[in-house]
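J.: Position in the sequence shown (from 1) plus 8 gives the number in our numbering. Every residue gets a Cβ at the ideal spot worked out from N, C-alpha and C, and that includes glycine. First the structure, then my questions, so here it is.
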Amino acid sequence: MSEWWKEAVVYQIYPRSFYDSNGDGFGDLQGIIKKLDYIKRLGTDVIWLSPVFDSPQDDNGYDISDYRNMYEKFGTNEDMFQLIDEVHQRGMKIIMDLVVNHTSDEHAWFAESRKSKDNPYRDYYFWKDPKSDGSEPNNWGSIFSGSAWTFDEGTGQYYLHYFSKKQPDLNWENEAVRREVYDLMKFWMDKGVDGWRMDVIGSISKHTDFPDYETDNSRSHIVGRYHSNGPRLHEFIQEMNREVLSHYDCMTVGEANGSDIEEAKKYTDAGRQELNMIFTFEHMDIDTEQNSPNGKWQIKPFDVIALKQTMTRWQTGLMNSGWNTLYFENHDQPRVISRWGNDGELRKQCAKAFATVLHGMKGTPFIYQGEEIGMVNSDMPLEMYDDLEIKNAYREVVIENKTMTKEDFRKAAAKKGRDHARTPMQWDAGKHAGFTAGDPWLALNSRYQEINVKESLEDQDSIFYYYQKLIQLRKQYKIMVYGDYQLLLEDDPRIYCYIRKYQGKKLLVVVNLSEDKAQFEAPPELIHERWKILISNYPQEPADLTGMCLAPYEAVMGISI
Ligand code: GLC
Numbered sequence: 009m010s011e012w013w014k015e016a017v018v019y020q021i022y023p024r025s026f027y028d029s030n031g032d033g034f035g036d037l038q039g040i041i042k043k044l045d046y047i048k049r050l051g052t053d054v055i056w057l058s059p060v061f062d063s064p065q066d067d068n069g070y071d072i073s074d075y076r077n078m079y080e081k082f083g084t085n086e087d088m089f090q091l092i093d094e095v096h097q098r099g100m101k102i103i104m105d106l107v108v109n110h111t112s113d114e115h116a117w118f119a120e121s122r123k124s125k126d127n128p129y130r131d132y133y134f135w136k137d138p139k140s141d142g143s144e145p146n147n148w149g150s151i152f153s154g155s156a157w158t159f160d161e162g163t164g165q166y167y168l169h170y171f172s173k174k175q176p177d178l179n180w181e182n183e184a185v186r187r188e189v190y191d192l193m194k195f196w197m198d199k200g201v202d203g204w205r206m207d208v209i210g211s212i213s214k215h216t217d218f219p220d221y222e223t224d225n226s227r228s229h230i231v232g233r234y235h236s237n238g239p240r241l242h243e244f245i246q247e248m249n250r251e252v253l254s255h256y257d258c259m260t261v262g263e264a265n266g267s268d269i270e271e272a273k274k275y276t277d278a279g280r281q282e283l284n285m286i287f288t289f290e291h292m293d294i295d296t297e298q299n300s301p302n303g304k305w306q307i308k309p310f311d312v313i314a315l316k317q318t319m320t321r322w323q324t325g326l327m328n329s330g331w332n333t334l335y336f337e338n339h340d341q342p343r344v345i346s347r348w349g350n351d352g353e354l355r356k357q358c359a360k361a362f363a364t365v366l367h368g369m370k371g372t373p374f375i376y377q378g379e380e381i382g383m384v385n386s387d388m389p390l391e392m393y394d395d396l397e398i399k400n401a402y403r404e405v406v407i408e409n410k411t412m413t414k415e416d417f418r419k420a421a422a423k424k425g426r427d428h429a430r431t432p433m434q435w436d437a438g439k440h441a442g443f444t445a446g447d448p449w450l451a452l453n454s455r456y457q458e459i460n461v462k463e464s465l466e467d468q469d470s471i472f473y474y475y476q477k478l479i480q481l482r483k484q485y486k487i488m489v490y491g492d493y494q495l496l497l498e499d500d501p502r503i504y505c506y507i508r509k510y511q512g513k514k515l516l517v518v519v520n521l522s523e524d525k526a527q528f529e530a531p532p533e534l535i536h537e538r539w540k541i542l543i544s545n546y547p548q549e550p551a552d553l554t555g556m557c558l559a560p561y562e563a564v565m566g567i568s569i
């Protein structure tokens, strides 16, 4: 089957925050349909929809109670079929979110499962007896704080949940569960869906002996290596490929928590018939202090060298087998310019600089809604966050364990809280940024009058048109898709510089990721080449691509001629 997904650029939509067509303050499928021409104009090929299935919305739809019907605030199945059709009419493709590590506790399977120990659905989930003292079966933690086990009075056992207690983990050891998943995948693919983003797919195979983590007792609940890459992971994915994926010309991207490059090759090496690509997390963890009891909230400053090292390891690690995704933002990762850059005076240059670093690389780029107009983190006070991850973490690390002060937590949340990516899309400078005629489910970012789609479309020099051009260049120059990657100036603390090589040509990417000026001197082997500049983010293009003084966040990409 063709590998069209290698040449594609993906646009991710978080439906509840994209566009509300009926004034209930909540984005919907008809709203997405109304904005398809906008996405088409950007030039992306594939749309990824975060979950739109029926759900009690404990984790904003990542807790599904019915895989075959839409959540009513999003619309009906007819709306979804229309969306698929309208996307296809515009020559684009659409992938959905497959959330099958867990379901909602309100899914009919779980409702049955919890009824009795001999219910036919009991083994759809993991149930375990308490330890002799009545405590949890082991010390595994939930990624959303606390224990990964919740006691169920009715049958006197605990059930497993890696996320909230309303997200019980499915038991993939049970063949009937796997059949159910394959059937629902076929259901949607037969309706025209072009593939899947697979939520926490790295966790579907469990270590079914459920060993305790070793601990020095400073932490009672631990999230670690047992939470992912269980012994049957690749066997399950290969089965899914054989049973479902291989029958469709589709695209797959797995969210592969806990994977390193060797694991990534297992998923994405074409010969192994698993997935096309995975989302990895190492580059998103460069601002986290490792091994802290405060997890992702123990932040450390952004470091250009750390970014270069991590990205380069993945670029070279998957150079000859497998395939990378390229992303800085999604519904779990806040706005990159606020997190690692400058979202004030230098916002526009900075957004273009990060875009250049990413889109010049080898892999499939993912753009998250609003990234293309340079949306920034919100300034909402702690009390206004909506996300259960933040609420639970605050309770655990600030109130109960007291391992962080409220002020430090607030600072970390301002950088890394997931809600920053989830504030409604800013369409114009009007009321509620044109997102809704009603009351938005989450407060708009206070800067919407300055940062919005209308403004971006009216300004020829906008971030939007810069992204549009990067996407066009990827279509025009195969070197951007297929060229080998090589890092230059690895020790430079400000400049991210690399070359791509393909069929005798070179592509040079030079980006100053700092607020200072930075002197750039290309290595001798590049000085003798002649270069054509393809894109740059300052009005005055540099006269010489191989030797220049870069302004703050200046970015240039050129090709040898
Ligand atoms: C993934 C999703 C995240 C969700 C979690 C549980 O990490 O991206 O939003 O909370 O899985 O489904």
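As an exercise, report each continuous alpha helix (DSSP H) stretch of at least 4 residues that is fully enclosed by the region 83-116, in chain order.
T.: 85-97
J.: Work out the CA separation of M327 and L57 for me, nearest whole Å.
T.: Rounded to the nearest angstrom, the two C-alpha atoms are 28 Å apart.
J.: According to the neighbour-count rule (16 or more other Cβ atoms, all chains shown, within 10 Å of its Cβ), is Q281 buried or exposed?
T.: Residue environment analysis places Q281 among the exposed positions, since fewer than 16 neighbouring C-beta atoms fall within 10 angstroms of its C-beta.
J.: So is the beta-carbon of Y70 under 7 Å away from any non-hydrogen atom of ligand 1?
T.: The answer is yes for Y70.
J.: Taking its Cβ as the centre, do 16 or more other Cβ atoms sit within 10 Å of K125, making it buried, or is it exposed?
T.: exposed
J.: On the premise that Q434 lies in contact with N453, defined as a C-beta separation below 8 Å, what is that separation, rounded to the nearest angstrom?
T.: Contact holds; Cβ gap of about 7 Å.
J.: DSSP puts K540 in a beta bridge; with which residues?
T.: I567
J.: Got a sec, what are the start and stop residues for the beta strand (DSSP E) L57 sits in?
T.: L57 -> beta strand (DSSP E) spans 54-57.
J.: Taking only three categories from DSSP, how would you classify L178?
T.: strand
J.: Would a C-beta distance cut-off of 8 Å place V60 and F34 closer than the cut-off?
T.: no
J.: For the alpha helix (DSSP H) containing A526, name the first residue and the last one.
T.: Where A526 is concerned, there is no enclosing alpha helix (DSSP H), although the beta strand (DSSP E) it sits in stretches over 526-529.
J.: Cβ of D67 within 7 Å of any heavy atom in ligand 1?
T.: yes
J.: Which word fits K540, buried or exposed, when buried means at least 16 other C-beta atoms lie within 10 angstroms of its C-beta?
T.: With a 10 Å radius around the Cβ and a threshold of 16 neighbouring Cβ atoms, K540 comes out exposed.
J.: Is the closest heavy atom of ligand 1 to the C-beta of V107 under 7 Å?
T.: yes
J.: Does DSSP put K462 in a helix, a strand or coil?
T.: Correct three-state label for K462: helix.
J.: Contact between the region 423-431 and the region 350-367: three or more CB pairs below 8 Å?
T.: The region 423-431 makes no contact with the region 350-367: fewer than 3 CB pairs, one atom from each, lie closer than 8 Å.
J.: Taking I543 as the reference, which of P239, L481, P448, L558 has the closest Cα?
T.: Of P239, L481, P448, L558, the smallest CA-CA separation from I543 is found for L481.
J.: In its own chain, which residues sit with a C-beta less than 6 Å from the C-beta of I375, not counting the 5 before and 5 after it?
T.: Y19
J.: CB I503 to CB L495, shorter than 8 Å?
T.: no
J.: Between which two residues does the beta strand (DSSP E) harbouring L168 extend?
T.: 165-168
J.: Looking at C-alpha atoms only, which residue of F171, G330, W135 is the closest neighbour of A156?
T.: F171
J.: So who's on the other strand from M285, going by DSSP bridges?
T.: V261
J.: For the region 281-297 against the region 228-240, do three or more pairs of beta-carbon atoms, one drawn from each stretch, fall closer than 8 Å, so that the two count as touching?
T.: no
J.: When you compare only the Cα positions, how much space is there between D71 and D191?
T.: 19 Å
J.: Could you give the uninterrupted runs of the beta strand (DSSP E) lying entirely in the region 319-401, keeping only those of 3 residues or more?
T.: 372-376
J.: Are H96 and G200 closer than 8 Å when you measure CB to CB?
T.: yes
J.: Within the continuous beta strand (DSSP E) that includes G515, where are the two ends?
T.: One detail in the question is off: residue 515 reads as Leu in this sequence, not Gly. Element bounds for L515: 513-520.
J.: Going by the C-beta, is F195 closer than 7 Å to any heavy atom of ligand 3?
T.: Ligand 3 is absent from the structure shown, which contains only ligand 1.
J.: Which of helix, strand or coil does DSSP assign to T223?
T.: coil
J.: Is the beta carbon of E114 within less than 7 Å of some heavy atom of ligand 1?
T.: In this structure, ligand 1 has no non-hydrogen atom nearer than 7 Å to the beta-carbon of E114.
J.: Does at least one heavy atom of ligand 1 sit under 7 Å from the Cβ of F310?
T.: no
J.: Less than 7 Å separating the Cβ of E263 from some heavy atom of ligand 1?
T.: It does: the Cβ of E263 is within 7 Å (strictly closer) of some heavy atom of ligand 1.
J.: Note down, one range per segment and in chain order, each beta strand (DSSP E) of at least 3 residues found wholly within the region 192-244.
T.: 203-206
J.: Distance check for I55 and F417, CA to CA, integer angstroms please.
T.: 34 Å
J.: So is K139 buried or exposed if we call it buried at 16+ other beta carbons inside 10 Å?
T.: By the neighbour-count rule (16 or more Cβ atoms within 10 Å), K139 is not buried but exposed.
J.: Given that a residue counts as buried once 16 or more other Cβ atoms are within 10 Å of its Cβ, and exposed if not, what is K486?
T.: exposed
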